[in-house]
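K.L.:
Count along the sequence shown starting at 1, add 1205, and that's the number in our numbering.
A virtual CB, placed ideally from N, CA and C, is assigned to each residue, including glycine.
Please read these numbers as outputs of a predicted model, since none were measured by experiment.
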Amino acid sequence: MSEQTKDLTAMAMAIMDKAYSPYSNFSVGAAIRTGSGNVYAGCNVENVSYGLTICAERNAIAQAVSAEGPDLKLEEVVITNRNAEGVSIPCSPCGACRQVIAEFAGPDTIIRYQGRNGEVRVSMEELLPDSFRF
Ligand code: THU
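1) Residue ranges of each beta strand (DSSP E) run of no fewer than 3 residues wholly in the segment 1229-1284, ordered along the chain?
2) Looking at Glu1290 and ligand 1, is the gap between the Cβ and the nearest heavy atom below 7 Å?
3) Would you mind reading off the limits of the alpha helix (DSSP H) that contains Arg1326?
4) Apart from the five residues on each side of it in sequence, which residues of its chain come closer than 6 Å, Cβ to Cβ, to Glu1330?
5) What span of residues does the alpha helix (DSSP H) with Ala1301 cover, start to end?
6) Using the beta-carbon count (16 or more within 10 Å), is Pro1298 buried or exposed?
7) Bridge partners of Ile1315, per DSSP?
8) Closer than 7 Å: is that where the CB of Val1244 sits relative to any heavy atom of ligand 1?
9) Leaving out five residues before and five after Asn1252 in sequence, what residues of the same chain have Cβ atoms less than 7 Å from its Cβ?
10) Run through the DSSP bridge pairs and tell me what Arg1287 is partnered with.
11) Roughly how many angstroms lie between the CA atoms of Val1282 and Ile1294, to the nearest whole one?
12) Taking 8 Å as the limit between beta carbons, can you name the residues of its chain near Glu1324, skipping five residues before and five after?
13) Do you know whose CA, among Pro1275, Ser1336, Lys1278, Val1292, lies nearest Arg1303's CA?
Have a look at this one:
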């Protein structure tokens, strides 16, 4: 694991403490590195009207766009999670987040998350093949 990746993992882990998840008791953290070398993190923010919940990945991307503007490229995305028992479970990014990550990713952008046998590392093209774009 490179130093940069370790940093992203630590950021994703740390921001889970900020998650607002009273309905699922499931905390998610996402940390991203952009082409500029800057890093951003986001947690999930739930809502009593469940469908309005914001996932950690989309929150992190919103932070990046707000800081850098619209021309950013995602180089690496790390997602961590913690359930009600404080345990990390196998959990890949939801479909909505895959599409939003794809908006700012290239086919070779790396996405890491907890799989059944430790950390999974996949490219954007593997995570969302043949994704919709104009
Ligand atoms: N969640 C994320 O933050 N990212 C995902 O990719 C999947 C789900 C959050 C949303 C909700 O707060 C909780 O996990 C349970 O669905």
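P.N.:
Looking at the coordinates:
1) Counting whole runs of 3 or more residues, the segment 1229-1284 contains the beta strand (DSSP E) stretches 1232-1239, 1244-1248.
2) Locating residue 1290 in the sequence shown gives position 85, where the first residue counts as 1. Here the distance from the Cβ of Glu1290 to the nearest heavy atom of ligand 1 is not below 7 Å.
3) Here residue 1326 corresponds to residue number 121 of the sequence shown, with the count starting at 1. Run containing Arg1326: none in the alpha helix (DSSP H); it sits in the beta strand (DSSP E), 1323-1328.
4) Numbered from 1 along the sequence shown, position 125 holds the residue referred to as residue 1330. Excluding residues within five positions, the ones whose Cβ falls inside 6 Å are Pro1312.
5) Taking the sequence shown and counting its residues from 1, the one referred to as residue 1301 is at position 96. Going by DSSP, Ala1301 is part of the alpha helix (DSSP H) stretching over 1300-1309.
6) Residue mapping note: residue 1298 aligns to position 93 of the sequence shown, counting from 1. It counts as buried.
7) By one-based count along the sequence shown, residue 1315 stands at place 110. In DSSP, Ile1315 forms a bridge with Glu1281, Ser1328.
8) For this step, residue 1244 is matched to residue 39 along the sequence shown. No, since every heavy atom of ligand 1 falls outside the 7 Å radius drawn around the Cβ of Val1244.
9) The sequence position of residue 1252 within the sequence shown is 47, counting from 1. If the five residues before and after Asn1252 are omitted, its C-beta is found closer than 7 Å to the C-beta atoms of Thr1258, all from its own chain and listed in chain order.
10) Within the sequence shown, numbered from 1, the residue matching residue 1287 stands at position 82. Beta-bridge pairing links Arg1287 to Ser1232.
11) For the purposes of this step, residue 1282 is identified with residue 77 of the sequence shown, where counting begins at 1. For the purposes of this step, residue 1294 is identified with residue 89 of the sequence shown, where counting begins at 1. Roughly 18 Å between the two C-alpha positions.
12) What you label residue 1324 is simply residue 119 of the sequence shown in a count that begins at 1. Scanning its chain for C-beta atoms nearer than 8 Å, with the 5 sequence neighbours on each side dropped, one finds around Glu1324 the residues Arg1317, Tyr1318, in chain order.
13) To locate residue 1303, count along the sequence shown from 1; it is residue 98. For the set Pro1275, Ser1336, Lys1278, Val1292, the Cα lying nearest the Cα of Arg1303 is the one of Ser1336.
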